[in-house]
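In what follows, a single structure is set out as structure tokens and then discussed.
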Amino acid sequence: MTEFFRKRSANAKNDILSGITVSLAMIPEVVAFAFVAQIDPLMALSGAFIIGLITAIFGGRPGLISGAAGAVAVIFVSMIAEGHTKGMLLDTPIENMGFFYLMACVILMGIIQILAGVFKLGRFVRLIPHPVMMGFVNGLSIVIFMAQVKMFSHKSLQVSPEGVKEYVSTYMQGAELYTMIGLVLLTMGIMWGLPKITKKLPAALTAILVTSLIVIGFNMDVSTVGSYIIEGGGTGLKGEFPTPNIELWQNLPFNLDTLKFIALPAFLAASVGLIETLMTMNLVDDITETRGNGNKECVAQGAGNIVSGLFGGTGGCGMIGQTVININAGGRGRLSGIMMAVTLLSFILFADKLIEMVPIAALIGVMFMMVIETFAWSSFRILKKIPMSDAVVLITVSLVTVFVDLAIAVFVGVIISALVFSWENAKKIRARKRLSEDGKTKTYEIWGPLFFGSIQAFNEKFDVKNDPDHIEIDFVESRVSDHSALEAIFNIVNKYEAAGKTIKLKHLSEDCKILLYKSSPKFREVIIEDVDDPRYHLAANPEAFPKGLSEYKF
6 MTEFFRKRSA NAKNDILSGI TVSLAMIPEV VAFAFVAQID PLMALSGAFI IGLITAIFGG
66 RPGLISGAAG AVAVIFVSMI AEGHTKGMLL DTPIENMGFF YLMACVILMG IIQILAGVFK
126 LGRFVRLIPH PVMMGFVNGL SIVIFMAQVK MFSHKSLQVS PEGVKEYVST YMQGAELYTM
186 IGLVLLTMGI MWGLPKITKK LPAALTAILV TSLIVIGFNM DVSTVGSYII EGGGTGLKGE
246 FPTPNIELWQ NLPFNLDTLK FIALPAFLAA SVGLIETLMT MNLVDDITET RGNGNKECVA
306 QGAGNIVSGL FGGTGGCGMI GQTVININAG GRGRLSGIMM AVTLLSFILF ADKLIEMVPI
366 AALIGVMFMM VIETFAWSSF RILKKIPMSD AVVLITVSLV TVFVDLAIAV FVGVIISALV
426 FSWENAKKIR ARKRLSEDGK TKTYEIWGPL FFGSIQAFNE KFDVKNDPDH IEIDFVESRV
486 SDHSALEAIF NIVNKYEAAG KTIKLKHLSE DCKILLYKSS PKFREVIIED VDDPRYHLAA
546 NPEAFPKGLS EYKF
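Here the working numbering is used: the first residue of the sequence shown is 6, the next is one more, and so on.
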């Protein structure tokens, strides 16, 4: 353990201070998400502590902050409500049964995430195009901004005649609103101006402390962390050290019906959590110019969620807002995440009354500055400079993230990008045609990638009816990419043979030859194995040509 901290002592001060700052900024976010899911704020805060601590120690991206995230919380809302209903229909009715289903769902979510890491699915984040990444960052920045705007209100819990609970928001007005805006601007001003004077003090933490001292010193009647929690139905920040939830095993029926009930939300939550985590990891990689381990992060996220579920916490994932605050405050190592988790727990156990006095305006100001720093403002400048398809992807991902769901947004962006890529590459297939001197043999030199998107254009290059009796198809400048391409080659060979003509295939890759040999023995006579063209050897085995191409006499 001493060695663990010794290696990180060079940036220890920044990691510690940034961890404290992030823990303060995390409280209203986590509490707000708890209100969305209609669960006890302490349940969400316990989950944030457990997930944050485990991922900080064992995760694949030092500096990444994880906690109880809203993107995951919204998935559980309907399941919790339906779970409460199921509990009351049991032979022995159980109140708040939805919470026990939530814990089981979080455990299953963690198992799915661990499996994703074990099977190395984290590496697929590399396939996410840059426009999708920019759209994701912009969309999530807007979502975080909108979440802060909602805090300019007072919440009240109303119960309908049918017993349905609903939080109703009433926006601030008059002097209260102007005071709130003034404190937010003060916080933002300190965060903007302090680094220009000195970089020895953490801007975000200093801004929170100054704003809090002003509010407390002048006894200002403003919304605080404590009042915010109470308005949402909580009793305060005071809590106990998380312990294993024994009631989960006593009350939850462990049967196939329970598994069916929690399977879909667990899979959705695991997917959304991993996507947001891996995208946030990519962002940190870009900012710090280092590379994280996506598969290791998947396993750590899963382990964190499993332990959180066992200890009565909610699910979570990487949080882009808190991560950006951490990175901008100088947090780079695992110590920053550990400090965030430990400080958050300390607030719950020992400093609840003190933290409840922190004005919400100070934390909103920190989040607003984070949004300004995170949003990819350069996207406006480059929209007219990048291909139209990339611009469409960027805008689409941003809008879908804001109005639908971030996981769907990423999937939509990747699908659009893949379709555009396939379409553009499908147009690159070419065929150079030439006849031998005696006119008896016609050679087709294929250029470009041969795959499912280009096989129609490939088939249109050939004139089976009017071609001479001997045909050669040369693939030296083409790469056969998938089964559709193999099927196209198989069909064109059959067409020429059905017309009574001889066809030969040259310069096919080894894997393509093997697949064609397996499909039909006749290809041993169709494919030419003896190749004396050095271009083919260069393409098939580039390691055998270490020198510049100009040094070889092709």
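Backbone N, C-alpha and C fix where the C-beta goes; we use that ideal spot for every residue, glycine too.
Beta-carbon contacts of Cys517 that lie in its chain and below 6 Å, excluding the five residues immediately before and after | Val485
Residues near Arg128 in its chain [Cβ-Cβ closer than 8 Å; skip 5 each side] = Gly299, Asn300
Mind pulling the beta strand (DSSP E) runs of 3 or more residues that sit fully within the region 91-177?
-> 158-164, 170-176
Classification of Met156 by the beta-carbon crowding that lies within 10 angstroms, buried from 16 upward = buried
Gln306: buried (16+ other C-beta within 10 angstroms of its C-beta) or exposed?
-> buried
Please specify which runs of the alpha helix (DSSP H), each continuous and at least 4 residues long, are wholly inside the region 273-335, giving them in chain order.
-> 299-315, 325-333
In chain order, what residues of the same chain lie with their CB nearer than 6 Å to the CB of Gly320, ignoring the 5 residues before and after it?
-> Val77, Val111, Met114, Ala274, Asn310
Among residues of its own chain, excluding the 5 on either side of Glu361, which ones have a beta-carbon nearer than 7 Å to its beta-carbon?
-> Thr229, Val230, Gly231, Gly241, Leu242
The alpha helix (DSSP H) enclosing Ile377, as first and last residue numbers | 365-379
Given that a residue counts as buried once 16 or more other Cβ atoms are within 10 Å of its Cβ, and exposed if not, what is Ala268?
-> exposed
In the DSSP assignment, find the unbroken alpha helix (DSSP H) run with Ala39 in it and report its ends.
-> 17-42
Out of curiosity, what's the CA-to-CA distance linking Val312 and Leu94?
-> 29 Å
Where does the unbroken beta strand (DSSP E) through Pro454 begin, and where does it stop?
-> 446-455
The alpha helix (DSSP H) spanning Glu515 covers which residue range?
-> 515-524
Measure how close the beta-carbons of Ala451 and Ser483 come, nearest whole angstrom, since I'm counting them as under 8 Å.
-> Note that residue 451 corresponds to Ile in the displayed sequence, not to Ala. Going by Cβ atoms, the distance from Ile451 to Ser483 rounds to 4 Å, so yes, they are a contact pair.
Nearest CA to the CA of Ala109: which residue from Val376, Lys265, Val130?
-> Lys265
DSSP-derived helix/strand/coil call for Thr203 = coil
Taking the alpha-carbon positions, what's the Thr26 to Val154 distance?
-> 21 Å
Whole-Å CB distance - Ile562 paired with Val215, under 8 Å assumed = One cannot answer for residue 562 here, as it falls past the ends of the chain, which runs 6 to 559.
Would you kindly work out how many angstroms separate the C-alpha atoms of Leu424 and Asp20, rounded to a whole number?
-> 43 Å
Using 8 Å as the Cβ pair cut-off and three pairs as the minimum, do the region 181-193 and the region 319-338 touch?
-> no
Please classify Tyr106: is it buried, with 16 or more other beta-carbons within 10 angstroms of its beta-carbon, or exposed?
-> buried
Going by C-alpha distance, which of Met374, Phe352, Thr328 is nearest Ser341?
-> Thr328
Close Cβ partners of Phe352 (< 6 Å) along its chain, the five nearest in sequence each way excluded | Ile360
How many Å lie between Asn496 and Ser524 at the Cα?
-> 12 Å
Trp382 to His135, Cα distance in whole Å?
-> 14 Å
Inter-residue spacing [alpha-carbon to alpha-carbon] between Ala504 and Met393 = 45 Å
In the structure shown, what three-state DSSP assignment does Val409 receive?
-> coil
Sort Trp254, Trp197, Ala208, Leu188 by Cα distance to Phe223 and report the nearest one.
-> Leu188
So Ser341 is in the alpha helix (DSSP H); what residue range does that whole segment cover?
-> 339-354
Are Leu354 and Gln118 close, meaning C-beta to C-beta below 8 Å?
-> no
Span separating the alpha-carbon of Thr501 from that of Leu521 = For clarity, residue 501 is Tyr in the given sequence; the question names Thr instead. Taking the straight line joining both Cα atoms gives about 16 Å.
Neighbour-count burial assignment, Val363, 16 or more Cβ in a 10 Å radius = buried
Compute the Euclidean distance between the alpha carbons of Val531 and Val397, then round it to the nearest angstrom.
-> 45 Å
For Cys303, the nearest candidate out of Thr285, Thr293, Glu294 (CA to CA) | Thr285
Kindly indicate the opening and closing residues of the beta strand (DSSP E) around Ile480.
-> Note on residue identity: the sequence assigns Phe, not Ile, to residue 480. Per DSSP, Phe480 belongs to the beta strand (DSSP E) from 475-485.
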